[in-house]
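Position 146, counted from 1, in the sequence shown is what full-length UniProt numbering calls 146; the numbers after and before it change by one each time, with no gaps.
Even for Gly, the Cβ is constructed at its ideal location relative to N, Cα and C.
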Amino acid sequence: MDCCIVTALGSFASLYALLHFVCFIFADADFTLLWSSLFGHRPESKLKGLVVWITGASSGIGEELAYQLAKCGSRLILSARREDELNRVKRGCLERTNLQDADVLVLPLDLLERTSHEEKTKAAIQFFGHIDVLINNGGRSQRSLCLETSFDVYQALMELNFLGTVSITKQVLPHMTQRGSGSIVSVSSLVGIAGAPLATGYSASKHALQGFFNSLRTELTEFPNILISTVLPGPVQSQIVQNAFTEELTRPVAAAGNQEHKMTTSRCVRLMLVGIANNVKEMWIAKQPFLLFYYTWQYAPTFAWFITNLLGRKRVQHFKAGLDADSAYFTKPKTS
């Protein structure tokens with residue numbers, strides 16, 4: 001009898017492991033987030049009526065966040081530097097949903113102008129009365145080699161991606177602690193836990209965000225209804241490459257390259273909203289094999305370094321040759 005029980009338990013464990021392995025092959029997010037997407041709260045019910053402030057809302061992930069949140073019935077504060085683009089996004093929100101003009105506030109904001117952040121926060125709170133969710137999405141990436149990159153680029157990346165985000169967070173957080181509830185969601189990156197060539201400054205700024213918000217989360221244990229969440233997307237189809245810093249502050253990226261191998265923006269944002277609705281503290285969002293890198297870095301860092309060095313060398317070689325570095329990890333880049 002005991003032998004039969006052991007055999008049955010062993011068979012169940014093997015089947016359970018096989019099922020998880022098969023699921024992982026097709027996964028595009030960590031298991032906690034995927035479980036929430038299947039069995040957790042729906043964003044349409046949890047986020048309806050909430051006031052959500054989105055930075056970097058004029059394009060890419062921020063723009064898609066606005067559209068999907070509008071469909072959930074959230075009231076929106078849209079911020080970025082380009083007011084004309086924010087108005088375009090607002091019109092898109094109103095055309096797609098039943099939201100009214102007063103449900104969407106266009107609030108131009110420059111993350112580098114930190115002296116204006118207190119005034120902008122007061123304006124947002126005055127307009128809606130409160131802020132339920134702050135999504136720190138504003139920032140820029142980088143495509144350049146360290147030896148060729150001006151120090152000004154590194155300073156700009158830290159000022160924008162890290163200090164700008166911290167500044168807005170510090171303005172909104174007292175409002176949330178006073179109310180005893182709220183969510184602060186910050187878009188980091190895969191390179192926030194695993195460095196990548198051509199992105200030394202960008203990776204450093206995202207590592208800084210990870211450290212800041214992980215520490216902040218532990219400081220707020222007396223506020224259990226305040227969610228501090230970080231989102232770590234892998235490659236996503238957006239305008240982040242087009243807007244990236246290069247060797248010099250004023251030099252644009254020569255070509256954005258092929259985006260087909262990257263996750264769609266709509267899928268990334270849908271997973272983000274699922275995570276917010278279910279209070280997920282850290283979200284890993286990426287197609288395979290990028291998702292595998294998250295887990296490899298977490299559980300087998302020595303092996304991860306070996307693989308990263310191989311792929312990193314290939315990426316740098318293609319970049320120096322003027323080829324598409326972003327798709328060079330797993331595909332043969334086009335030469336013309």
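- Message: Would the segment 228 to 246 count as touching the segment 277 to 286 if we require 3 or more Cβ pairs under 8 Å?
- Response: yes
- Query: Near G322, what residues of its chain come up, given a Cβ to Cβ distance below 6 Å and the 5 sequence neighbours on each side ignored?
  - Reply: Walking along the sequence shown from the start, residue 322 turns up at place 322. Same-chain partners within the cutoff: there are none.
- Task: Using only alpha-carbon positions, find the residue among Y294, V236, V104 and L76 that is nearest to I193.
- Result: Counting from one through the sequence shown, the residue named residue 193 turns up at place 193. Comparing Cα positions, the closest option is Y294.
- At which residue ranges does the segment 136 to 189 contain complete alpha helix (DSSP H) runs of 4 or more residues, listed in the order of the chain? 151 to 157 and 164 to 179
- Starting from P233, follow its DSSP beta bridges and name the residues at the other end. Here residue 233 refers to the residue found at position 233 when the sequence shown is read from its first residue. Answer is I285, bridged to P233.
- From R251 to S36, what does the alpha carbon distance come to, in whole angstroms? As a position in the sequence shown, residue 251 is number 251, starting the count at 1. As a position in the sequence shown, residue 36 is number 36, starting the count at 1. One C-alpha to the other measures close to 42 Å.
- Does the Cβ of L76 lie closer than 7 Å to at least one heavy atom of the ligand ADP? Summarising the ligand content, the structure contains no ligands, and the ligand ADP is consequently not present.
- Message: Within the continuous beta strand (DSSP E) that includes L105, where are the two ends?
- Response: Indexing the sequence shown from 1 puts residue 105 at position 105. Residues V104 to V106.
- Spell out the partners DSSP gives T55 in its beta bridges. By 1-based counting over the sequence shown, the position of residue 55 is 55. Paired residue(s): S79.
- Message: Looking at the secondary structure, which residues open and close the alpha helix (DSSP H) in which K48 lies?
- Response: The residue you call residue 48 lines up with position 48 of the sequence shown. Per DSSP, K48 belongs to no alpha helix (DSSP H) and is neither H nor E.
- How is I5 classed by DSSP in three states: helix, strand or coil? Residue 5 sits at position 5 when you count from the first residue of the sequence shown. It is helical.
- Query: Between F303 and T296, which are expected to be in contact by the criterion C-beta below 8 Å, what is the C-beta distance as a whole number of angstroms?
  - Reply: Counted from its first residue, the sequence shown places residue 303 at position 303. Counted from its first residue, the sequence shown places residue 296 at position 296. Going by Cβ atoms, the distance from F303 to T296 rounds to 6 Å, so yes, they are a contact pair.
- Nearest-angstrom Cα distance between N309 and K320? The count along the sequence shown starts at 1 and reaches residue 309 at position 309. The count along the sequence shown starts at 1 and reaches residue 320 at position 320. So the two alpha carbons sit approximately 16 Å from each other.
- For the segment 160 to 179 against the segment 194 to 211, are there 3 or more C-beta pairs whose distance is under 8 Å? yes
- Task: Using only alpha-carbon positions, find the residue among T115, L292, F223 and D110 that is nearest to F31.
- Result: As a working note, residue 31 is residue 31 in the sequence shown. Closest by alpha carbon: L292.
- Cα separation between E44 and N137? In the sequence shown, residue 44 corresponds to position 44, counting from 1. In the sequence shown, residue 137 corresponds to position 137, counting from 1. When rounded, the distance between both Cα atoms is 21 Å.
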